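Peer 1: Could you have a look at this structure, given as structure tokens, before my questions?
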Amino acid sequence: MGWGATIRGDTFMSEQLQDTAPAAITVRAAEIATALLITIGAVVVMVSNYQIGAGWEPDGPQAGYFPMRIGAIIFIACMVVLWQAWHGENEKVFVTWPQLRQVAVILVPLTVYVALIAFLGIYVASAIFIAGFMLVIGKFAWWRAVLTGVAINLVLFWIFEMQFRVPLPKGPLEAALGF
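Just so we're aligned: the sequence shown equals residues 221 to 399 in this note's numbering.
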């Protein structure tokens, strides 16, 4: 079975994978996890808006009036979803291990890339990210990957830093070059 959802007959390969591969996460577990995460966000919205003022003053609503109520609506909706998922029996496959691996192949390097921006700057981190994807996923020759990563980021540096004068996060290399 391959990487994408390519058509074979009347079904997609990803659907075939879903029928044969073991479940990494069930629909029920995904609904519970999503409801809990969004509930946390709703609580943060409600508490922060209550702290800045969510009432009504003589001249109208305070700054947190509407956001607090939107947070409460989201909280209630999450409680309904959580209750339904908790008491339901939807053990259908949400994602299989091969599908989860496909997501991880993109998500893990992307997370590392975002973390590297703080230390190396956006241009060096982007060059590494592009070259890495070209090498690992695209199976390009190392020199093409490095050349492409560097060339793209030199063009982006010229556009953002020199033409638009929009400063983006820089690292030690740019500092050593005087930028």
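Note that CB positions come from ideal geometry on N, CA and C, so glycine has one too.
Bear in mind the structure is a predicted one, so any value in this text is a computation, not a measurement.
#1: Measuring only the C-alpha atoms, how far is residue 313 from residue 244?
#2: So residue 311 packs on residue 246, CB below 8 Å; how close in whole Å?
#3: If I follow the unbroken beta strand (DSSP E) through residue 360, where does it start and stop?
#4: Ends of the alpha helix (DSSP H) at residue 384?
#5: My output table needs one value for residue 243: the three-state DSSP class, helix, strand or coil.
#6: Buried or exposed, going by whether 16 or more other CB atoms sit within 10 Å of the CB of residue 395?
#7: Do you know how far the Cα of residue 334 is from the Cα of residue 281?
#8: What are the boundary residues of the alpha helix (DSSP H) that includes residue 286?
#9: Do you know how far the Cα of residue 391 is from the Cα of residue 397?
#10: Roughly how many angstroms separate the alpha carbons of residue 265 and residue 288, rounded to a whole number?
#11: From 285, 370 and 344, pick the residue whose C-alpha is nearest to that of residue 268; which is it?
#12: For residue 349, count the other beta carbons within 10 Å of its own beta carbon; 16 or more makes it buried, fewer makes it exposed. Which is it?
#13: Assuming residue 248 and residue 292 are in contact, meaning their beta carbons sit under 8 Å apart, how far apart are those beta carbons, in whole angstroms?
#14: Are residue 241 and residue 331 touching if we call contact CB-CB under 8 Å?
#15: Need the endpoints of the alpha helix (DSSP H) that residue 314 sits in, please.
#16: Would you kindly check if the distance between the Cβ of residue 337 and the Cβ of residue 347 is under 8 Å?
#17: What is the residue span of the alpha helix (DSSP H) that residue 401 lies within?
Peer 2: So, from the data block:
#1: Distance between the alpha carbons of residue 313 and residue 244 is about 8 Å.
#2: Correct: roughly 5 Å between the Cβ atoms.
#3: Premise fails: residue 360 is in no beta strand (DSSP E) and is neither H nor E.
#4: Careful: residue 384 lies outside any alpha helix (DSSP H) and carries neither H nor E.
#5: Note: residue 243 maps to strand in three-state DSSP.
#6: Residue 395 is exposed by the Cβ-count criterion.
#7: The C-alpha of residue 334 is placed about 39 Å away from the C-alpha of residue 281.
#8: Here the alpha helix (DSSP H) through residue 286 covers 285 to 307.
#9: Distance between the alpha carbons of residue 397 and residue 391 is about 10 Å.
#10: CA-to-CA, the gap between residue 265 and residue 288 works out to about 6 Å.
#11: Taking the Cα of residue 268 as reference, the smallest distance to any Cα among 285, 370 and 344 is reached at 285.
#12: Within a 10 Å sphere around the beta-carbon of residue 349 sit 16 or more other beta-carbons, which makes this residue buried.
#13: Between residue 248 and residue 292 the beta-carbon gap is near 26 Å, outside 8 Å, which marks them as no contact.
#14: The Cβ atoms of residue 241 and residue 331 do not sit closer than 8 Å to each other.
#15: Segment 313 to 316 is the beta strand (DSSP E) holding residue 314; no alpha helix (DSSP H) there.
#16: Result no, Cβ atoms of residue 347 and residue 337 do not sit closer than 8 Å.
#17: Nothing about residue 401 can be read from this structure; the chain reaches only from 221 to 399.
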